[in-house]
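Just below is one structure, and these are the notes that go with it.
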Amino acid sequence: MKTLLQLNTSLFSEQGQSTRLAQRFVEIWRTLNSENSVIVRDLAKDPAPHLTAERFQAFLAPAEERSTEQQAVVAYSDGLIDELRRADVIVLGLPMYNFGVPSTLKAYFDHVARVDVTFRYAENGPVGLLADKPVYVLATRGGAYRGTSKDTQTLYVQDFFNFLGISDIRFVYAEGLNLGPERQHASLAEAEAQIGRLAA
Ligand SMILES: Cc1cc2nc3c(=O)[nH]c(=O)nc-3n(C[C@H](O)[C@H](O)[C@H](O)COP(=O)(O)O)c2cc1C
Numbered sequence: 075m076k077t078l079l080q081l082n083t084s085l086f087s088e089q090g091q092s093t094r095l096a097q098r099f100v101e102i103w104r105t106l107n108s109e110n111s112v113i114v115r116d117l118a119k120d121p122a123p124h125l126t127a128e129r130f131q132a133f134l135a136p137a138e139e140r141s142t143e144q145q146a147v148v149a150y151s152d153g154l155i156d157e158l159r160r161a162d163v164i165v166l167g168l169p170m171y172n173f174g175v176p177s178t179l180k181a182y183f184d185h186v187a188r189v190d191v192t193f194r195y196a197e198n199g200p201v202g203l204l205a206d207k208p209v210y211v212l213a214t215r216g217g218a219y220r221g222t223s224k225d226t227q228t229l230y231v232q233d234f235f236n237f238l239g240i241s242d243i244r245f246v247y248a249e250g251l252n253l254g255p256e257r258q259h260a261s262l263a264e265a266e267a268q269i270g271r272l273a274a
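Residues 75 to 274 (our numbering) are what the sequence shown spells out, left to right.
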């Protein structure tokens, strides 16, 4: 039994272009893995809260000293981390919003980066504690920034997963989606073709 975690971060949930590409990947993956389980986490419908000092303190408090409120904060974070652990494959729909990743993804990242749970500090720097697994990122953008300094997403997402111990990150880009119907059509078609190759 293989498990796939689908992280949707589009404001538009199922209607988002990034979600549709993620969905395309998942459909192909399902047909190739008859014994499968798909966990869908939609961060627009069910956003992680912003990290606050109180929430962060809950992560740091020793388990036996946590208040009931702190226990709930940690249980929520543990649930998200458990999904990451259970997954053999992660699929991330990633639109660009205002030159960055959706703020819901940042809030999610803030709840899964936990010292001594998903990473630890060692003599030579931090070490990720999650098992490596492929992450497929379906990146959709109105403009075209790939390979330029305006692509603030690729390195960030790569670095974040690397930090947790996940190094196998593969991107599919659909760019120029707001640059006219022809460009949009060509870009989505190319992304879908690439997804077909990758998912197989
Ligand atoms: C609030 C908002 C901000 C956006 N900011 C950018 C941006 O900074 N750069 C860009 O190329 N496209 C931008 N876009 C366009 C989206 O990246 C593009 O439409 C993408 O396909 C959206 O993916 P989604 O449908 O999965 O949400 C923005 C769209 C929205 C709704």
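Cβ atoms here follow ideal geometry from the backbone N, Cα and C, with glycine treated the same way. What you are looking at is a predicted structure, and each value in this text was computed from that prediction instead of being measured.
Would you list the one or two residues that DSSP bridges to residue i?
{"i": "R194", "result": "V201"}
{"i": "G174", "result": "Y171"}
What does a CB cutoff of less than 8 Å around residue i pick up in its chain, not counting 5 residues either side in sequence?
{"i": "L154", "result": "R115, A122, Y182, H185 and V186"}
{"i": "E109", "result": "M75 and K76"}
Beta carbon of residue i: closer than 7 Å to some heavy atom of ligand 1?
{"i": "Y171", "result": "yes"}
{"i": "R220", "result": "no"}
{"i": "L251", "result": "yes"}
{"i": "T93", "result": "yes"}
{"i": "F86", "result": "yes"}
{"i": "G217", "result": "yes"}
Whose C-beta lies closer than 6 Å to the C-beta of residue i among residues of the same chain, with five residues either side of it excluded?
{"i": "H124", "result": "A181"}
Let me know if residue i comes out buried or exposed under the rule of 16 or more other beta-carbons within 10 Å of its beta-carbon.
{"i": "M75", "result": "exposed"}
{"i": "D156", "result": "exposed"}
{"i": "T142", "result": "exposed"}
{"i": "E82", "result": "Checking the sequence shown, residue 82 turns out to be Asn, not Glu. By the neighbour-count rule (16 or more Cβ atoms within 10 Å), N82 is buried."}
{"i": "P255", "result": "exposed"}
{"i": "T105", "result": "exposed"}
{"i": "S84", "result": "buried"}
{"i": "S223", "result": "exposed"}
For the alpha helix (DSSP H) containing residue i, list its first residue and its last residue.
{"i": "N236", "result": "T228 to F237"}
{"i": "Q89", "result": "Where Q89 is concerned, there is no enclosing alpha helix (DSSP H), given that its DSSP letter is neither H nor E."}
{"i": "L272", "result": "P255 to A273"}
{"i": "S151", "result": "T142 to R160"}
From what residue to what residue does the beta strand (DSSP E) around residue i run?
{"i": "V209", "result": "V209 to T214"}
{"i": "L79", "result": "K76 to N82"}
Spatial neighbours of residue i within its chain, please: CB distance less than 7 Å, with the 5 preceding and 5 following residues excluded, ordered by chain position.
{"i": "T228", "result": "F245"}
{"i": "R98", "result": "E266 and I269"}
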